[in-house]
Structure formats: structure tokens, C-alpha cells
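Undergrad: Quick one: the structure is below, and I'll ask about it shortly.
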Amino acid sequence: MEIDILGIDLAKRVFQLHGADRGGHAVQSLQGHARWPRGGRRSLRPRVVAMEACSSAHHWARCFLAMDIEVRLISPQYVSPFVKTNKNDCNDAQGIVEAASRRTMNFVTVKSVDRSTSKT
């Protein structure tokens with residue numbers, strides 16, 4: 031089970047994870063705790079991690095980059111057209127994977143710690 035793109039819908043305590051292979055087929059969908067990137071689930075080694083861009087996404091992006099995993103941050107308005115039905119964490123994570131797999135998608139640059147803490 032090789033995960034190519036892992037979409038993560040961020041929350042305070044629990045993340046919704048949705049993994050897809052190179053063909054875009056769902057491989058795994060599960061919930062993980064907010065400590066997951068640092069602690070458990072080392073068996074999940076996706077090629078790409080995709081998240082909606084928000085302040086906490088920049089923090090987690092830096093954590094994944096430190097593990098040599100490519101990160102794609104997507105502006106929320108570009109993810110919403112790919113969320114298929116009812117808005118919930120699972121469908122959001124699927125929509126993030128779908129949006130991240132588009133070749134024409136514009137991604138947000140990961141901010142450094144200095145840039146993310148400054149107000150300008």
C-alpha cells in the first residue's frame with residue numbers, strides 16, 4: 031500500500047487523513063492525533079502531504095519538510111470545489127487530495143517561523 035498523496039484536514043486535536051496512490055485511488059482514510067507527525071504512524075511515508083493553507087498548516091508543513099516529505103499548501107477557496115458532498119472532515123481531506131493532484135493548481139509557499147510570527 032503505497033501512498034502517493036496524503037491529504038490532511040487539520041483540527042485542534044484530531045486530523046483527518048486521506049491517502050491516495052499514483053492513480054488517484056483511495057488507499058487509506060483514517061483519523062490521527064495532532065501528535066502524529068512527530069510520534070506515531072511512521073509507516074505512513076507519503077511522497078506528498080497536502081493541506082489547506084492556514085496558520086497551523088505552515089507549522090506542520092515545516093515538520094513534514096524536516097522529514098524530507100514534499101508539502102503542498104492549497105488556499106481554501108481552491109479546495110472547496112473539490113469537496114464532493116456534505117462538508118465534514120473526511121470529505122474535506124478527500125477534496126484536498128483531489129485539488130493537490132491537479133497539475134494546474136497554484137500552491138501557497140510555506141512560511142518560515144519568522145514570517146509566520148510577524149504580523150506584516
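So the sequence shown is numbered by my numbering: it starts at 31 and just counts up by one.
Here a beta-carbon is modelled for each residue, glycine too, at the ideal position from N, C-alpha and C.
In the DSSP assignment, find the unbroken alpha helix (DSSP H) run with Phe94 in it and report its ends.
TA: Ser85 to Ala96 is the extent of the alpha helix (DSSP H) around Phe94.
Undergrad: In the DSSP assignment, find the alpha helix (DSSP H) that holds Ile126 and state where it starts and stops.
TA: Where Ile126 is concerned, the enclosing alpha helix (DSSP H) stretches over Asp119 to Ala130.
Undergrad: Could you say which of Ser59, Val78, Asp51 and Gly53 lies nearest to Ala123 if we only look at CA atoms?
TA: If we check each option's Cα against that of Ala123, Ser59 comes out closest.
Undergrad: Would you call the segment 119 to 135 and the segment 32 to 44 touching, i.e. three or more CB-CB distances under 8 Å?
TA: Because the criterion of three Cβ pairs below 8 Å is met, the segment 119 to 135 and the segment 32 to 44 touch.
Undergrad: Quick one: what's Ser59 bridged to in DSSP?
TA: His48.
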